[in-house]
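Encoded as structure tokens, the structure appears first; notes follow it.
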Amino acid sequence: MEFTIRAANVDDCKDIARMITELAEYEKAIDQVRITQRDLEQDGFSKNPFFHGIIAEVPEPHKTKEGHAKVGYALYYFSYCSYRGRAVFMEDLYVMPEFRGKGIGKALMSKVAQLGLAAGCQQLNFTVLDWNKSSLDFYLNQGCTDTTAEMGYHYMCCKGEALEHLAHGQL
Amino acid sequence: MEYKLRKAEPKDVPDILRLVKELAKYEEMENQVTLTEQDLLEDGFGDTPFYHCVIAELQPQSSDGLEVVGFAMYYFTYDPWVGKQLYLEDFFITQEYRGLGIGSHIMRHLSDLAMKTRCSGMMFVVAENNESSIQFYKRRGAEDLSQEEGWRLYRFDKESLVKMASAREE
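Order-wise, the sequence lines are chains B and X.
Under our numbering, read the first sequence as residues 2 to 172, first letter to last.
Under our numbering, read the second sequence as residues 137 to 306, first letter to last.
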């Protein structure tokens, strides 16, 4: 199937918001989504973007029955490893179910890898849910390492009330 | 003991690298540090910084000058469900000066910064065998997303990145 991979622009935010919701549903966490199309426009496409996007698009004959041509996306940002330097973090990678198995996911990830290397990155990091076998298989097939298993790294978060208490000095 | 927290400047790069190496030694990964002072200078103090740094400085009893005794390296990330986050990449106080409240102060400073910049959370990674650090963070209300939600961290190294970047369409 023909498809194109390109950098996202501000006009893609409606479809990105749609697909973020679809991915959240797949990850069984739809009630956690607070982001709006407007947030994405401001946070991704102003002078100092907090993320970058890649879009996978199909031509007219392959659009979904709802008329969607944008069928996959990747969201990434640059991070830093204090041991090795510049790194890229792939925050989201998603292809609509009916378009999977056609190389779109690989092509999106390849684009993120290209852009990361062009920016001088030494590694690409991302997270996967431990029950998500099909994604785990997809990634392991590409030669990645599970750093949670290998190094015992746990991903931690301080948010909401805990973050407020921390900021105001209450233990 | 009096100390000062301040934003890192280019002149602090040698001390930042020294502390990065001290932290690496503590994590038993000293030989994995390939970063140089030049990298830190370009990446932290150029037009588009890849990281930000806050350092703790004090005057040791034994000398007249100031010594950098702790640092935190952080950057901003993005959670597509809730927006901006502050990511704490490295956080370390030289052993001699622990227990004085410097670490707590740095955490307070960073979480205050996170709130001021409208971040919904502060994220970081801890090795599961690092009991003292895990307790330090859990006491402050941190959640272990790997344990509680099943998130696992994965990495592609440079070699795999190059392979992926040049992969032909099937």
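We put the beta carbon where it would ideally sit given N, CA and C, even for glycine.
Quick caveat: nothing in here was measured; it's all calculated off a predicted structure.
Item, Value
"Distance CB(ASP13/B)-CB(LYS107/B) smaller than 8 Å", "no"
"Residue from LEU141/B, GLN123/B and ALA120/B whose Cα sits closest to the Cα of VAL129/B", "LEU141/B"
"Span of the beta strand (DSSP E), counted from its first residue to its last, around MET91/B", "86 to 96"
"Local Cβ density within 10 Å of LYS66/B, reported as buried at 16 or more and exposed below that", "exposed"
"Rounded separation between ALA9/B and GLU42/B - CA only", "11 Å"
"Minimum Cβ-Cβ distance from ARG142/X to chain B less than 8 Å", "no"
"Chain B residues whose Cβ lies nearer than 8 Å to that of LYS220/X", "ASP44 and PHE51"
"Bridge partner(s) assigned by DSSP for GLU165/B", "GLU165/B pairs with nothing; no bridge assigned."
"Cut-off 7 Å between Cβ atoms - residues of its own chain near VAL149/X, not counting five sequence neighbours on either side", "GLU173, LEU176 and LEU177"
"PHE139/B versus CYS145/B - alpha carbon distance", "10 Å"
"Beta-carbon proximity list for LEU194/X, same chain, < 8 Å, skipping 5 on both sides", "MET137, GLU138, TYR139, LYS140, LEU202, GLU203, VAL205 and TYR233"
"DSSP beta-bridge partners of THR170/X", "Note: THR170/X sits in no beta bridge, so no partner."
"Within chain X, the residues that LYS160/B reaches when beta carbons sit closer than 8 Å", "SER256, GLY257, MET258 and GLU279"
"Which of helix, strand or coil DSSP assigns to LYS48/B", "coil"
"THR148/B - DSSP class collapsed to helix/strand/coil", "helix"
"Which residues DSSP lists as bridging TRP287/X, in chain order", "LEU130/B"
"Within the segment 256 to 301 of chain X, ranges of the alpha helix (DSSP H) (whole runs, at least 4 residues)", "267 to 275, 281 to 285 and 294 to 301"
"Touch test, the segment 216 to 224 of chain X against the segment 112 to 131 of chain B, Cβ-Cβ under 8 Å, three pairs minimum", "no"
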